[in-house]
Structure formats: structure tokens, C-alpha cells
Amino acid sequence: MIEKQGLEPALRRVAEMVRTPEKVDSVTTLRRIEAEGATLRFVFDVTVDAAQIPESMRAAMTSNACNRPALRPALASGATIEWVYVGRGSGAIGTIKVTELDCAGRTPRQEPTKDEVLREKIVGSWSEGISPYTIATFSQGGGYKGVAYSTSEKRDMLLSGEGTWWIKDGVLYSKVNKMNPPTFPLDKVYVDKIVDISDETMTLIDMSGQKYTKTKIP
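Just so you know, the sequence shown maps onto residues 1 to 218 in UniProt numbering.
Encoded structure:
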């Protein structure tokens, strides 16, 4: 445990250990880390539109803080860990706060839930198919970006979209709120059951019952 008078210096040392800015994924950048009093604050820039932080993301980041060895002594000494997500145009998406009370009943050796494992593994970019060829990017902050390229004898077509994603009970939910050109209905929620996921591939079953596979892009 860290003595109260030494808490802020200890948090500053933690902040200095991480170089910023640091690219987390294609849509999320860790802009800076602040140590202020008993609070350690991670500030992220997110380049997608999102109205709020999904509850699944709050649960995942709380578990992350409670089980991370570098943060446990600070939490036990009364520190607050904050993740602040800022969208485009400096619009605040939301803040996740974690204290020792949020970690009650958790231990560093506690096994993550199935959904927590899936949320961690799905972050990144995944490709699928030949024509159409699609790339879907799932950011740690719950943002989604998709690109689809289709070729035919008559014409080539490029589609792009942005939205949000979340996972519950082993099911991936994706909602597109922006598309160019506007080809499909916006705000529709797409539901895919995750059959299997590894560091290289992800197998899903879509709403029509069709099984398909995505490949992780390094």
C-alpha cells in the first residue's frame, strides 16, 4: 500500500512510464496521462461518432484496472483511475471511473468472463471475402469502422460506414450510424453470434443463420 502523502508522486511515476501520444488502434489514440491529487487520468481521442460509452466497455475497463498489477497498489491506497474518451470536435463521449470499491470481490487471479475475453480479442481490424472485400475495425472504445469494396463487369463500388459495437452473452452487436454512400438503413443493429475467435480468425453466424469467417489483419 502507498502512503497517502506519496500517492500523487507514485501516480506521476506511473504516468511517466507510458509515452504519449500512443496509437491504440485505428480509431483510438491515448493522447495524454495526467496525475492530479489522488486521480490518474488516461485521456483518449476517438475518431468515430459515439453518443456514449457502452456498458460492456465500462465493465471491461473496470476489470482491466482492478486486475492490472501496476494499478492495484494505487487503488488500494485510495486512488481513482479515470479513462476519458473525447470524440471528434472535442466532444466528450464519457468517462469511466474506477476506485477500490469497484474492485470489491475481485482478485488479480480472477478469471475473466467469456464476454470480457471476446471484447479483448475482437479489438483490431478484420477482413472477409474477395468481392465484396470487407474490412471491419473494432476499437477499444466501442467505435466501429467498416469498408466494403465490390467489383463486377459493370462497375466497382466502395462503401464505408461508422458506428458502435458491443458484446453480450457471446453475441456481437453492431450498429451503423453513418454510411457513404447511404446504401443501407442507418441505426439498424446487426446481430452475429461468435462461434470461435483466435488471434488469427473469427467465425460467426449472421442473422440469416449463415456461418462466415473473418481474418485478423496484423
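Virtual Cβ for every residue (Gly too), placed ideally from N, Cα, C.
Here the structure is a predicted model, which means the values were calculated and not measured.
Asked                                                                                                                                               : Found
Quick check: the region 43-62 against the region 83-97, are at least 3 beta-carbon pairs closer than 8 Å?                                           : yes
Given Gln140, which residues of its chain have a CB within under 7 Å of its CB, disregarding the five upstream and five downstream residues?        : Val24, Asp25, Thr28 and Val123
Go to Val18, then tell me how far its alpha helix (DSSP H) extends in each direction, as first and last residue.                                    : Premise fails: Val18 is in no alpha helix (DSSP H) and is neither H nor E.
Only counting the same chain, and skipping five residues up and downstream in sequence, which positions put a Cβ closer than 8 Å to that of Asp169? : Asp115
Roughly how many whole angstroms lie between the Cα atoms of Ser77 and Leu101?                                                                      : 11 Å
Closest to Arg119 by CA distance: which of Arg58, Ala10 and Arg32 is it?                                                                            : Arg58
Can you tell me whether Pro54 is buried or exposed? The criterion is at least 16 other CB atoms within 10 Å of its CB, across all chains shown.     : buried
Give the straight-line distance between the Cα atoms of Ser56 and Cys66, rounded to the nearest whole angstrom.                                     : 16 Å
Helix, strand or coil: which one does DSSP assign to Lys121?                                                                                        : helix
On the DSSP bridge assignment, give the partners of Met157 in chain order.                                                                          : Ser150
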